[in-house]
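Following: one structure in structure tokens, then a few remarks.
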Amino acid sequence: MTTTTVTVPRPARPSLWRRLPVVHQLRASVGLQRGMLVTGLVLTGVFVLVAAFAPLLAPYGFNQLSADGQAFGAQQPPSAQHWLGTTVGGYDVLSRTIFGARTAFLVIVAGVLLSIFIGIAIGLLSGYFGGWIDRVLVVLADAIYAFPSLLLAILAAIVISGGQSSMWGGIMAAAISITVVFIPQYFRVIRAEAVRIKAEPFVESARVVGTGHLRIMTRHVLRNSTRTLPLILTLNCSEAILTLAGLGFLGFGIEPTSAAEWGYDLNKSLADVTSGIWWTAIPPGVAIVLTVLGVTLVGESLNDLADPRLRNRRRAGRVPADAVGGASVVPGGVITAGAEGIDGLSAFEGSDPVLDVFEDALEHPQAARAADPLESPFPAASDDAGTPDGDRA
Amino acid sequence: MTATAAGGPTAPAEHVVDIQDLHVSFATDAGTVRAVRGVSLQVAPGEVLAVVGESGSGKTVTARTILGLLPETATTQGAVLLTRNDGAATHDVTALTGNQLRSVRGRDVAMVFQEPGSVLNPVYPVGWQIMEGLRAHQDLTRAEAREAAIEVLRRVGIPEPEHRVDHYPHQFSGGQKQRIVIAQALVLNPGLIVADEPTTALDVTVQAEILELLRSLPRDLGSAVVLITHNMGVVADLADRVAVMYDGEIVEQAEVRELFTNAQHPYTRALLDAVPRIGTGGLRERHVPDESVTPVVEARDLRIVYPGRFREPDFVAVDGVDLTIRPGEVLGLVGESGSGKTTIGRAIAGLTPVSSGSLRVLGVELNGAREKHFRPARSRIGFVFQDPATSFNPLLTIAQCVAEPLVVHGRAGDPREARPRVDELLEAVQLPAAFGDRYPHELSGGQRQRASLARALALDPELLIADEPTSALDVSVQARVLDLFARLQAELGFACLFISHDLAVVDLLADRIAVLHRGVLVEEGTGEQVLGAPRHAYTQRLLASLPVPDPDEQADRREQWRSLR
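Protein chains in written order, with UniProt numbering: chain A, 1 to 393; chain B, 1 to 565.
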């Protein structure tokens, strides 16, 4: 057998844009799952835009009580000046609802940023090395799970702001409390993945070569264990919003003069509900519901789409027997080798990855997880062919 | 075409199952995949039809269509006419739904799956699981169903069935579990049994016993068997007729003797040529080791013990093994699962600690060695793993993976700097350099295993450990990888520990063969000594259990095997 110098065209790889986490899933989705994902993305997008452009969108400031030297007045019904009326404190409801998005957004960013790095770092150490460090950390994580997050948030609020509630005090109180609760979540996910991945042959192969622990941890283990992070991230975002709203509702929120906050407004509108004033409670309430719904829908859809067993697909069309171009399932395509024996069969190993449907299926971790032995090989396999980053998002 | 002949009794059907122009397509994200195209097959009562082909040929999909066991994403065209087990009616399985399909399964056609360990539900006694199928179809009392379950267990050769019917799956060995799965399929006396790779997950000595059982089914019960397999030895042992599938089509159908002696289609011929056989000569010249040179690996009374869990005894994986590998020599290590062969390989690579005895690898004593002392030696050892799919980091390109040893040992600063050497290595294993930019999942199994070989050879090792490097590959791909392996060994002259469960594969490559049985080295010698005139009873049994791809020769071997049992 001579060494053949075949020029193999690089497999057509989708553009970077198509491989981005959410974009990839959006393209792979179909039907109801697509609807859910699109709804979630639109809601989340509106939330982020409103938060970013709050000063441009809101007619008044969040702590503005008067315009042109004239007081707004308390509990004014919706009018041309105040589209959603005013609160019992005399603030414009629409403006406060719009600015509230900004506070919620900051809490999400602060809370997630604080927890994700610590959670991943200790999860990786714990999962990779195991032993007594692992046992202590797991027990600690379990203990933290036992705390109600709101209780922690109240404690943090008192410690940080000493009872005074400023904008950053409130934001950090909510952020730190969710950090404490979220670290065990990231810790557990990364630890579980690290435990699984450190037993994989490719990690052993790195050990055989003599690779150091740090390099194995970062290059081989960490990069392969972040698969489920986007999902937890989205779910934690919605939890962060709820914690902030809960704090505000309980009276540990942010003073109306420092920042707009949905939970605080809800709290102050409690009395209004019974006296027939609907416009103070509904806008912040709807804002909370829609934001949490949007982020949760994104998270849930990503979860479904990442799992080949849950993902919907378009049904296979009826292919006429003589149709041209249907993907062949045999690597290398239909046999053309003559009587050259094994040499002639080198084509079997194929050169087109898209055709290696079956083999890849068995080898792709996600496909391997699928319970149905038939379900995994076919559908799960091919979606990764040609897209190296596949469903990893 | 739906259920026909629903009325009065008809003449006994000519075929148990008649597949007519079957097309199956799957919806995938990459578009429609046509797994089966235009397959027509008939199985006569009491006949054993083997459907052979390599992975992706559509053989399993075809078989599953007979039971209507395809996932939702599948679209089926054509007809699968299945005759009732009493011959009273014929149904088109592809047109049946829900209840009708349920009544057909088990009664008219039953399935034996590949992995007996995962087919049985671990939380129910095996008798309960057999009775479940029985009571789904017939109105039986508990006692009657139990009687029937005991009877069928006796029929498949489970000792003391009255007693063992209440045992749970974990209380049975792998071979017994497969017998129970077969019993489950037999209990309703179906006219057809579909066996999908029924012996692939089993050791070769257990496989021989299961084959013996399967062979008795048509004879004793008149059931037809559709046997899905990739193992030509199993085909030669069991089948009456063979259908060879390739790329979703049947390329050849013939009587078994006809096929093995006079294959018509070039694919069939290539497939048969690719099957390794014992005693056909090695792929490389035997290396006569120089006794005076210091061995690369020297094990003296090597013991490796896995500590038991709480209140369980320790597990002795390797028990007092003496082993020597000299420079440039290929030692084949053969054994069944649990024999300790992989453990020895891992111990030599420093992945598993040595419990007692002595193991010197490249001059370093591994018993009690620290990683620090062994690390310099690591650059002189290469390792090829069994499963090429999982032995590559899926997020790195092939070039980055192959460059990893070079970077770790400071021969290159980063993967890009190592690229010239990587291209050289890829060329040595006959992969185009452009493959370096691909990700592991974009390569086929054989290509990946060759890349794995390239990575193992990156540092020019003096010792290569290959742990079942071809057992996850199709035969034609295996032949190519073995051929490449032999050539590289001759070129580079590294010493090698070649671990395999397949005697024929080891025979092709090894200078010396060592046979392991339950952690003990039972026999060692050259290929001619061990395989030509085995001395130990276990080696003899192992050899006789191995089915050879030739129906006549296999019949002789079967007799030999019976006498050894």
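Where a beta carbon is used, it is the ideal one built from N, C-alpha and C, also for glycine.
Small disclaimer: the values here were computed from a predicted structure and weren't measured.
| Item | Value |
| --- | --- |
| Residue from B/Gly127, B/Leu211, B/Gly340 and B/Leu81 with nearest C-alpha to serine 545 of chain B | B/Leu211 |
| Per-residue burial, tyrosine 145 of chain A [other beta carbons within 10 Å of its own, 16 or more giving buried] | exposed |
| Contact set between the segment 343-355 of chain B and chain A, restricted to residues whose Cβ is under 7 Å from the partner | Ala349 and Leu351 |
| Neighbourhood of aspartate 134 of chain A by C-beta distance below 8 Å, restricted to the same chain and skipping five residues each side | Ser126, Gly127 and Arg191 |
| Residue environment, aspartate 556 of chain B, which counts as buried when at least 16 other CB atoms sit within 10 Å | exposed |
| Cβ shell of threonine 44 of chain A (< 7 Å), same chain only, five flanking positions each side left out | Gly294, Val295 and Val298 |
| Cβ contact (3+ pairs, closer than 8 Å) linking the segment 80-96 of chain A and the segment 259-273 of chain A | yes |
| Neighbour list for residue 466 of chain A in chain B, Cβ cutoff strictly below 7 Å | This structure does not reach residue 466 of chain A, given that chain A is present from 1 up to 393, and the question cannot be answered. |
| Secondary structure, alpha helix (DSSP H): runs of 4+ residues fully inside the segment 45-120 of chain A | 54-57 |
| Neighbour flag for asparagine 224 of chain A against chain B, beta carbons, 9 Å | yes |
| Cβ of valine 195 of chain A within 9 Å of any chain B Cβ | no |
| Own chain, CB closer than 6 Å to glycine 119 of chain A, minus 5 neighbours either side, in chain order | Ile183, Tyr186 and Phe187 |
| Residue environment, aspartate 474 of chain B, which counts as buried when at least 16 other CB atoms sit within 10 Å | buried |
| Close beta carbons around histidine 167 of chain B, own chain, < 7 Å, minus the five adjacent residues each side | Pro125 and Val126 |
| 6 Å CB neighbourhood of valine 181 of chain A in its chain, flanking five on each side removed | Ser149 |
| Buried or exposed by the 16-neighbour rule on C-beta atoms within 10 Å, applied to phenylalanine 172 of chain B | buried |
| Serine 355 of chain B to leucine 362 of chain B span [Cα, whole Å] | 19 Å |
| Where histidine 373 of chain B meets chain A, residues with beta-carbon distance less than 9 Å | Residues of chain A passing the Cβ test: none, with the nearest at roughly 12 Å. |
| Alpha-carbon to alpha-carbon, glutamine 449 of chain B and threonine 470 of chain B | 8 Å |
| Collapsed DSSP secondary structure at serine 173 of chain B in the structure displayed | coil |
| Rounded separation between methionine 172 of chain A and serine 379 of chain B - CA only | 51 Å |
| Distance between valine 93 of chain B and leucine 120 of chain B (C-alpha atoms, nearest Å) | 25 Å |
| Boundaries (first-last residue) of the beta strand (DSSP E) holding glutamate 524 of chain B | 520-526 |
| Sequence-distant residues of the same chain with beta carbon closer than 7 Å to glutamine 129 of chain B, five excluded per side | Leu120, Asn121 and Gln184 |
| Leucine 331 of chain B, enclosing alpha helix (DSSP H) - first and last residue | Careful: leucine 331 of chain B lies outside any alpha helix (DSSP H), inside the beta strand (DSSP E) at 330-334. |
| Within 9 Å of chain A by C-beta, residues of the segment 408-429 of chain B in sequence order | Val408, His409, Glu427 and Ala428 |
| Runs of beta strand (DSSP E) wholly within the segment 26-55 of chain B (minimum 3 residues, chain order) | 31-43 and 48-52 |
| Buried/exposed call for glutamate 336 of chain B, threshold 16 Cβ in 10 Å | buried |
| Contact test: arginine 215 of chain A Cβ vs the ligand SAH heavy atom, cutoff 8 Å | In the structure shown, the ligand SAH is absent, as is every other ligand, since no ligand is present at all. |
| Cβ separation of glutamate 200 of chain A and threonine 390 of chain B, assumed to be a contact under 8 Å, to the nearest whole Å | 6 Å |
| Neighbour flag for arginine 378 of chain B against chain A, beta carbons, 9 Å | yes |
| Beta carbon proximity, asparagine 209 of chain B to chain A, threshold 9 Å | The amino acid occupying residue 209 of chain B in the given sequence is glutamate; asparagine does not appear at that position. Glutamate 209 of chain B does not count as touching chain A. |
| Glutamine 253 of chain B, enclosing beta strand (DSSP E) - first and last residue | 249-255 |
| Chain-ordered neighbours of leucine 395 of chain B on chain A, where CB pairs are closer than 7 Å | Arg223 and Asn224 |
| Within chain B, the residues that valine 139 of chain A reaches when beta carbons sit closer than 9 Å | Correct list: empty, because the minimum Cβ distance to chain B is about 19 Å. |
| Where glycine 338 of chain A sits in the DSSP three-state scheme | A caution first: glycine 338 of chain A carries a pLDDT of 33, below 50, which makes its placement in the model too unreliable to give a value. |
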